[in-house]
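Asks:
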């Protein structure tokens, strides 16, 4: 864990180390992934069956076994406790409501020259959702990835999920059901991404693939990008907690550890103006670590990537937060909104003492798929916008063309594009 | 040129060929580009000077020579004819006005459970604009790439442009001046992209790089992606013109050729319901080709990639257009808006007989940087949205947390993330 203090001479060098900290080493699997994609393109479903037998520890005998049936979903979800289903329903309803509010309006702009300009939003036809199997099979992630697509109006939402030993997580199936997933396939890895991008006899191709995955899945998404859209490749998670000394050090410690428990590459940073408070939080982190089931992981993250930063005032904290551009930002100050007004770069913010970041992971409403590793400088969280695209349009009358056409002809000729110029000039009143 | 007819048995096979036509072979320059990026990261400005001497045919003696001064811009633009400057001004004003209308509003959403949810748009701090040198140095492209950034509120817009022999295109400088470019550097290729992404002593790093370039520039953008944002890598341009027999075949022919003259990989497709009209347009294409300065290029594009598609009715034309998802769509039908209402996938549409696509390349207002190669299925043209990002936020009161917190705890525990659950549970009224 790094202890920084803006009033000390070594601060800039230490902070630069924090900014440049590479928290992840990506495995080089490009060649293996290219071979898998080529195999799925060449042999379709047959390749999916063979690759699933090889990697997932069960042998589907025919293509139909890959598709999860409605009856299987019913059976799997029947055993889920009612309280847990109610929590899933509350989460789904709140996430759907927030994303519905994101839906943008079309544009129609009358124009002084007599043209009409417009912009129209339309949903993608089909989206693929990758869901990891095993330990990271998170139902909350299914809701966060699928619901924005449903709200956008996407007709087909095809989910792929590896099923180690043929088994699926019932809560993941329940989440898919609630989030409007239209098809579920028991297939994972690069082969699932290849099937979604190129299509097979049993899995129709989609237009965009979203959702987290391991190095193979990430490499496959990069390789099919261009043929289909992809979401950004998520890095390790991070949080910046900005808190003054009036907070309970234990609460702040647990908030930091909620980030650190994701994996050893996660990063949790406290910014405060009180050295004693920073020390109290650090002590509370150690105490909590001892009692957490995932304490080994969280402790490793905290020791390797954690930091406390002591600032002289809250304006300094704003400047440092903007340089960190954190994925998650928790603001535990007396006037959280006022302070947050000075923040230009953050994926998602959680304002006030009663707003731990974990609330946003599950039930608050905004998306939990967020830009990591300082990319909040230029990127945004998943949203309805990721499942819509824009078509701009222009409608011109004879008079409208006459008003602005000559300028187009002049510029086309200056650029040496005579057919461009001619297509306008031939329609002008004075044309030969 | 391919002649297709939906009423003939071979249609589906022919149309599939058209859909899958790879119109571009990308040069493999990844290793060379990786070496250039490493050199710029290691030696900064010194590497920029050396690489510029090697690739651009002039030898800047010191770093200061890379930056284009205000006096140089004044001197270079002084000789531009007033009519051309007026055309540039008209284009800039119309592009700016349309993009200003795109600016989205922030969101603040009160919530039945007593929380407040929000979403805030903020501009990127700094953007890099790559402008190709030589034949493709298009002033219109400078306006289309820089103005959306200025409208979004980006403070720094740094343009890089190679200067073969030290020379720059005056009209490109004039466009940069009008579009709010804040810095111009005489540097190009992968080395310019590396400088924008990683920064040197004389060029500060940016957050996103946009603009077209050759294979080296495209590969460099791919390699720095993640550290900075990039725009999509543009493929060859294409147009679909939908026209009935009441149109002038010559006008349609010139519209098709305006696309074909871009380069040999461009694609122009006519969809019509009248075989005689299709033949008349094809004949007019040949006649126009003979008189066009870029006739050799346009002819090559038309022969290799051009097509006429004969349809039985206009609904069929809609379905085929949606499958083509064209970058540009020109609709020359009696009720262009009505027909366009059925189009789900297109980059930009031009409605009516008085609206040649070239109008949109220069002066209409919407952006001319558009998704190519069927990517309009999931991608959009350049816009203000490319220079903004979103921060979502949640504000919770003690009562709000109490209302939805238990559901978060239940889901966190189901996912095995106990610190997540604890960070909420400790704040609930019944907590120990």
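Chains as they are written, first to last, in the working numbering: chain W, 573 to 1004; chain P, 573 to 1004. For every residue, glycine included, the Cβ atom is placed at its ideal position computed from N, Cα and C. If you're wondering where the values come from, they're calculated on a predicted model, not measured in any experiment.
Under 8 Å between C-beta atoms, does residue 691 (chain P) make it to chain W?
Replies: On the second chain, position 119 is the one that residue 691 (chain P) refers to. Interface residue, yes.
Asks: To test your reading of the DSSP string, which unbroken alpha helix (DSSP H) runs of 4 or more residues are found completely within the segment 939 to 973 of chain P?
Replies: Entirely contained in the segment 939 to 973 of chain P, not one alpha helix (DSSP H) run reaches 4 residues.
Asks: Which value, in whole angstroms, describes the spacing of the CA atoms of residue 838 (chain P) and residue 594 (chain P)?
Replies: Here the question's residue 838 (chain P) lines up with position 266 in the second chain. Here the question's residue 594 (chain P) lines up with position 22 in the second chain. Answer to the nearest angstrom: the Cα atoms are 11 Å apart.
Asks: Please return the same chain residues whose Cβ sits closer than 6 Å to the Cβ of residue 738 (chain W), not counting the five positions on each side in sequence.
Replies: As a first step, residue 738 (chain W) is located in the first chain; it is residue number 166 there, counting from the start. Hits under 6 Å: 630.
Asks: Which class does residue 696 (chain W) belong to by DSSP, given the choice of helix, strand or coil?
Replies: Within the first chain, numbered from 1, the residue matching residue 696 (chain W) stands at position 124. Three-state result, residue 696 (chain W): coil.
Asks: Kindly indicate which residue of W:990, W:935 and W:885 has the alpha-carbon position closest to the one of residue 847 (chain W).
Replies: As a working mapping, residue 847 (chain W) is identified with position 275 in the first chain. Checked all of W:990, W:935 and W:885; the closest Cα to residue 847 (chain W) is W:885.
Asks: Check the C-beta distance from residue 747 (chain W) over to residue 660 (chain W) and give it rounded, since I have them as a contact under 8 Å.
Replies: For the purposes of this step, residue 747 (chain W) is taken as residue 175 along the first chain, with counting starting at 1. For the purposes of this step, residue 660 (chain W) is taken as residue 88 along the first chain, with counting starting at 1. Rounded, the Cβ-Cβ distance is 6 Å, consistent with contact.
Asks: Would you mind telling me which residues of chain P sit closer than 7 Å to residue 962 (chain W), beta carbon to beta carbon, in chain order?
Replies: Counting from one through the first chain, the residue named residue 962 (chain W) turns up at place 390. Those within 7 Å of residue 962 (chain W) in chain P are 952, 953 and 955.
Asks: Along the segment 907 to 922 of chain W, where does the CB come closer than 8 Å to a CB of chain P? Name the residues.
Replies: Against chain P - using a Cβ distance shorter than 8 Å - the residues of the segment 907 to 922 of chain W are 908, 909, 912, 915, 916, 917, 918, 919, 920, 921 and 922.
Asks: Go through its chain and collect everything with a Cβ distance to residue 939 (chain P)'s Cβ below 7 Å, but skip five positions before and after it.
Replies: The residue given as residue 939 (chain P) occupies position 367 in the second chain. Excluding sequence neighbours, residue 939 (chain P) sits near 716, 720, 953, 954 and 955.
Asks: Is the beta carbon of residue 990 (chain W) less than 8 Å from the beta carbon of residue 866 (chain P)?
Replies: Along the first chain, one-based indexing puts residue 990 (chain W) at 418. Along the second chain, one-based indexing puts residue 866 (chain P) at 294. Yes.
Asks: Under the three-state reduction of DSSP, which class applies to residue 801 (chain W): helix, strand or coil?
Replies: Locating residue 801 (chain W) in the first chain gives position 229, counting from the first residue. Strand.
Asks: At a Cβ threshold of 8 Å, is residue 992 (chain P) touching chain W?
Replies: Translated into positions along the second chain, residue 992 (chain P) becomes position 420. At least one chain W Cβ lies under 8 Å of residue 992 (chain P).
Asks: Would residue 811 (chain W) pass as an interface residue toward chain P - the criterion being a Cβ-Cβ separation below 8 Å?
Replies: If you number the first chain from 1, residue 811 (chain W) lands on position 239. With 8 Å as the cut-off, residue 811 (chain W) does not count as an interface residue toward chain P.
Asks: Closer than 6 Å by C-beta to residue 807 (chain W): which residues in its own chain qualify, once you throw out the five before and the five after it? Chain order, please.
Replies: As a position in the first chain, residue 807 (chain W) is number 235, starting the count at 1. Closer than 6 Å at the Cβ level, and outside the excluded window around residue 807 (chain W), lie 596, 944 and 945.
Asks: Put residue 680 (chain P) into one of helix, strand or coil per three-state DSSP.
Replies: Residue 680 (chain P) sits at position 108 when you count from the first residue of the second chain. In the structure shown, residue 680 (chain P) sits in a strand (DSSP, three-state: E or B).
Asks: Since residue 762 (chain W) and residue 609 (chain W) should fall inside the 8 Å C-beta cutoff, what is the C-beta to C-beta distance between them, to a whole number of angstroms?
Replies: As a working note, residue 762 (chain W) is residue 190 in the first chain. As a working note, residue 609 (chain W) is residue 37 in the first chain. Confirmed, Cβ separation roughly 6 Å.
Asks: Beta-carbon separation of residue 803 (chain P) and residue 949 (chain W) under 8 Å?
Replies: As a first step, residue 803 (chain P) is located in the second chain; it is residue number 231 there, counting from the start. As a first step, residue 949 (chain W) is located in the first chain; it is residue number 377 there, counting from the start. Not closer than 8 Å, so no.
Asks: Quick one: does residue 779 (chain P) have its CB under 8 Å from some CB of chain W?
Replies: Numbered from 1 along the second chain, position 207 holds the residue referred to as residue 779 (chain P). It does: the Cβ of residue 779 (chain P) has a partner Cβ on chain W nearer than 8 Å.
Asks: Could you please give me the residues that DSSP links to residue 880 (chain W) through a beta bridge?
Replies: Working through the first chain from its first residue, we reach residue 880 (chain W) at position 308. Answer is W:575 and W:842.
Asks: Please check if any C-beta of chain W sits within less than 8 Å of the C-beta of residue 875 (chain P).
Replies: Sequence index remark: in the second chain, residue 875 (chain P) carries index 303 (1-based). Chain W, which has no Cβ nearer than 8 Å to the Cβ of residue 875 (chain P), makes this no.
Asks: Compare the C-alpha of residue 678 (chain P) against each of W:740, W:681, W:679 and W:673 and name the closest.
Replies: Taking the second chain and counting its residues from 1, the one referred to as residue 678 (chain P) is at position 106. Here the closest residue by C-alpha is W:673.
Asks: Does DSSP classify residue 688 (chain P) as helix, strand or coil?
Replies: By 1-based counting over the second chain, the position of residue 688 (chain P) is 116. Residue 688 (chain P): strand per DSSP, three-state reduction.
Asks: Start and end of the beta strand (DSSP E) containing residue 755 (chain W)?
Replies: Taking the first chain and counting its residues from 1, one reaches residue 755 (chain W) at position 183. That run of the beta strand (DSSP E) goes 755 to 757.
Asks: Tell me whether residue 625 (chain W) is buried or exposed, calling it buried when 16 or more other Cβ atoms sit within 10 Å of its Cβ.
Replies: As a working mapping, residue 625 (chain W) is identified with position 53 in the first chain. By the neighbour-count rule (16 or more Cβ atoms within 10 Å), residue 625 (chain W) is not buried but exposed.
Asks: Does DSSP put residue 639 (chain P) in a helix, in a strand, or in coil?
Replies: Counting from one through the second chain, the residue named residue 639 (chain P) turns up at place 67. Strand, per DSSP.
Asks: Pick out whichever of W:898, W:967 and W:691 has its Cα sitting closest to the Cα of residue 676 (chain W).
Replies: As a first step, residue 676 (chain W) is located in the first chain; it is residue number 104 there, counting from the start. The candidate whose alpha carbon is nearest that of residue 676 (chain W) is W:691.
Asks: Would you check if there are 3 or more beta carbon pairs closer than 8 Å linking the segment 786 to 793 of chain P to the segment 886 to 896 of chain P?
Replies: Because the criterion of three Cβ pairs below 8 Å is not met, the segment 786 to 793 of chain P and the segment 886 to 896 of chain P do not touch.
Asks: Could you run through the segment 933 to 947 of chain W and flag, in chain order, every residue whose CB is less than 9 Å away from some CB of chain P?
Replies: Under the 9 Å Cβ criterion, the segment 933 to 947 of chain W contributes 933, 934, 935, 936, 937, 938, 939, 942, 943, 945, 946 and 947.
Asks: Measuring only the C-alpha atoms, how far is residue 682 (chain P) from residue 759 (chain P)?
Replies: Within the second chain, the letter at position 110 stands for residue 682 (chain P). Within the second chain, the letter at position 187 stands for residue 759 (chain P). When rounded, the distance between both Cα atoms is 50 Å.
Asks: List the residues that DSSP assigns as beta-bridge partners of residue 904 (chain W).
Replies: Translated into the one-based positions of the first chain, residue 904 (chain W) becomes position 332. W:815.
Asks: What does the alpha-carbon distance come out to for the pair residue 774 (chain P) and residue 900 (chain P)?
Replies: As a working note, residue 774 (chain P) is residue 202 in the second chain. As a working note, residue 900 (chain P) is residue 328 in the second chain. Between residue 774 (chain P) and residue 900 (chain P), the C-alpha separation is close to 39 Å.
Asks: Return the bridge partner residues of residue 702 (chain P) from the DSSP annotation.
Replies: Counted from its first residue, the second chain places residue 702 (chain P) at position 130. Its beta-bridge partners are P:732.
Asks: Quick one, which residues of the segment 718 to 741 of chain P are near chain W if we go by CB-CB under 7 Å, in chain order?
Replies: Of all residues in the segment 718 to 741 of chain P, none has a Cβ within less than 7 Å of some Cβ in chain W.
Asks: Tell me the residue span of the beta strand (DSSP E) that contains residue 782 (chain P).
Replies: Taking the first residue of the second chain as 1, we reach residue 782 (chain P) at position 210. 780 to 782 is the extent of the beta strand (DSSP E) around residue 782 (chain P).
Asks: With a threshold of 16 other CB atoms inside 10 Å of the CB of residue 880 (chain P), please say whether the residue is buried or exposed.
Replies: Locating residue 880 (chain P) in the second chain gives position 308, counting from the first residue. With 16 or more Cβ atoms within 10 Å of its Cβ, residue 880 (chain P) is classed as buried.
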